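Read the structure below first, then the notes.
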Amino acid sequence: MKTICLYFQVHQPFRLRRFRFFDIGNEQYYYDDYLNESIVRKVANHCYLPANKIILDLIKKHQGKFKVSFSISGMALEQFELYAPEVLESFQKLAQTGQVEFLAETYAHSLASLKDREEFEMQVKMHAERMKTLFGQEPTAFRNTEHIYSDEIGAMVADMGYRVMLTEGAKHVLGWKSPNFLYANAINPKLKVLLRNFKLSDDIAFRFSNKSWGEWPLTAEKFVSWINTIPPREEVLNLFMDYETYGEHQWADTGIFKFLKALPANVFDKSTYQFSTPSEIAGKLYVVSAIHVPYPISWADEERDLTAWLGNPLQEEAFNKLYSLTDKIRNLDDPGLKKDWYYLQNSDHFYYMCTKFFSDGSVHSYFNPYNSPYDAFINYMNVLSDFMIRLNAALPSTSEEKELARLYQMVREKDEVIKKYEEKIRLGAASAGKSASRAPAQRKVSSRKKEGTGTAGKSSGKKTGGKPAPAVRKKSGKKASSTGKSPGTRKRSSK
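First residue of the sequence shown: 31, per the numbering used here; consecutive thereafter.
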């Protein structure tokens, strides 16, 4: 089976408003609502709505043979709900076709996987719950923020129960190997790994409208002729890109929508390829080998590493200062602080601080609200300083309050585990209690005359000689009328 995995990332951050030094300690709202709404509305009209309509039409036209997959960050979902609910509805229509897979990722589109496992797992769980609520799917495929991956991160994802993960087919990782196979995590082989074919993906995402490119203009027919040259034994072609490629990064007048409309028919008519979702591929294809990634990679820039977010001292200082607050925020249950905590983890804040203005400078300018990386750093640190003041004010101050907060945190961590087994333990104890109490009641009633009340008389089924003492009879009758159980049952149960 030769198949194409067509995947799109959908993300919009909550961009920060201008936050001056003198606002620290005096202001508590950090976000530029006007800018965020205008960008979301603009991209919705240029990309999300027309592209979703095209994909829905293609699924219907090809009777379910055309399939795609998406990951939509929690930040994007919240802004769709606020500013463009029709976009969310259009994604839900795609989900209803059964031919679109929605992947799990970090809710905040964060870098938590690089710093804090507990925070990472919590955000992934939050995002998966949103996928279930909005689209009726429990994700089995995972895509980390900006395709960040390493052996260790993959092992964490496998421990969370995911079957397959998407990442970059970086040259320095693959060496002589091809990205067009199914691989496995080097630590936990249960996790399958799909690697992006960056050359063919970037031909669409970045070079499509470049008139100085030797292959311009790119048509669906030409693209399919390229994939037909891939060796027959290479089974999967992973085309991963930003969804904003269609209509925003590549405007409609470049012919990008015509390319999307024509691609499936050309694939079906002029090649042996089909379309599959990541989970389908993980279930059908065999793993050829493990892929060893000792150091984190991503799909960003030429280096395919972390330098887009953590490549200079400004980024590192902001990143470390933010995640130094992790233990403090876990001791609180303040919805406002929690919301800001997630929004401030968004990887875009660190991306805006990137000082690489050479080969990838134009990419870093997409929707960047700052004039320079230094402006981005100063603004973010001002917001973070104000957030720290609010956080410290909400923390317990006395030693007794701190101890109570620590104990509360311990209880909260164990609460989920306790609830998991509570029902099972209760049912087991109830069953054991009934079995243990039944036998003594039968033995006791067989030594005396059957009384007309309670379950003991029913379980004996015999009349015995002699009358019980009046005191016993009075006590027995009183309890039996209220509980329906024999004295033997009560006595055994109370021990």
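Cβ coordinates follow ideal geometry from the N, Cα and C atoms, glycine included. Keep in mind the model is a prediction, meaning the values are calculated, not measured.
Practice item. Output the distance between the C-alpha atoms of residue 87 and residue 288, rounded to the nearest integer angstrom. Key: 13 angstroms
Review point. Is the distance from the Cβ of residue 101 to the Cβ of residue 134 below 9 angstroms?
Key: yes
Exercise for review: Identify the continuous beta strand (DSSP E) that holds residue 263 and give its terminal residues.
Suggested key: From DSSP, residue 263 is part of no beta strand (DSSP E); its letter is neither H nor E.
**Study point:** residue 22, DSSP secondary structure in three states
**Key:** Any question about residue 22 goes unanswered here, given that the chain covers just 31 to 525.
Check your understanding: Does the Cβ of residue 501 have 16 or more other Cβ atoms within 10 Å, making it buried, or fewer, making it exposed?
Key -> In this prediction, residue 501 scores a pLDDT of 45, lower than 50, which makes its location untrustworthy; the coordinate-derived value is nonetheless stated afterwards. The residue is exposed, with fewer than 16 neighbouring Cβ atoms inside 10 Å.
Exercise for review: With DSSP as the reference, label residue 367 as helix, strand or coil.
Suggested key: helix
Review point. Looking at residue 74 and residue 110, is the spacing between their C-beta atoms short of 9 angstroms?
Key: yes
Check your understanding: Is it true that the stretch 62-81 meets the stretch 271-284, where meeting means three or more beta-carbon pairs spaced less than 8 angstroms apart?
Key -> Yes: at least three Cβ pairs fall under 8 angstroms.
Exercise for review: Just confirm the distance between the C-beta atoms of residue 372 and residue 406, as a whole number of angstroms; I'd bet it's less than 8 angstroms.
Suggested key: Residue 372 to residue 406, Cβ: 19 angstroms. No contact.
Practice item. Could you name the residues of the same chain whose beta carbon sits closer than 6 angstroms to that of residue 251, not counting the 5 residues immediately before and after it, in chain order? Key: 296
**Study point:** Rounded separation between residue 230 and residue 344 - CA only
**Key:** 34 angstroms
Point to revise | Contact set for residue 354: own chain, Cβ-Cβ below 8 angstroms, skip 5 residues either direction | key: none
Point to revise | Of the listed residues 195, 191, 122, nearest to residue 165 (C-alpha basis) | key: 122
Exercise for review: Could you round the C-beta distance between residue 44 and residue 412 to whole angstroms and report it? I think they count as a contact, below 8 angstroms.
Suggested key: That pair is no contact at about 16 angstroms.
Exercise for review: Just confirm the distance between the C-beta atoms of residue 138 and residue 161, as a whole number of angstroms; I'd bet it's less than 8 angstroms.
Suggested key: Not confirmed; about 15 angstroms, so no contact.
Point to revise | N- and C-terminal bounds of the beta strand (DSSP E) containing residue 34 | key: 32-40
Exercise for review: Could you name the residues that DSSP lists as bridge partners for residue 360?
Suggested key: Partner residues in a beta bridge of residue 360, as assigned by DSSP, do not exist.
Exercise for review: May I ask you to report which of helix, strand or coil DSSP gives residue 89?
Suggested key: helix
Review point. Is the stretch 413-422 touching the stretch 45-56 in the sense that three or more CB pairs, one from each, lie closer than 8 angstroms?
Key: yes
Practice item. List the residues that DSSP assigns as beta-bridge partners of residue 327. Key: Partner(s): 179.
**Study point:** Environment of residue 227 [buried if 16+ CB atoms lie within 10 Å]
**Key:** By the 10 Å Cβ count, residue 227 comes out buried.
Review point. With burial defined as no fewer than 16 other Cβ atoms inside 10 Å of the residue's Cβ, what is the status of residue 341: buried or exposed?
Key: By the beta-carbon neighbour count (other beta carbons within 10 angstroms, threshold 16), residue 341 is buried.
Check your understanding: Which of helix, strand or coil does DSSP assign to residue 419?
Key -> helix
Point to revise | Residues near residue 513 in its chain [Cβ-Cβ closer than 6 angstroms; skip 5 each side] | key: Note that residue 513 scores a pLDDT of 41, beneath 50, so its modelled location is shaky; the value from the coordinates is reported in the next line. Cβ neighbours of residue 513 beyond the five flanking positions: none.
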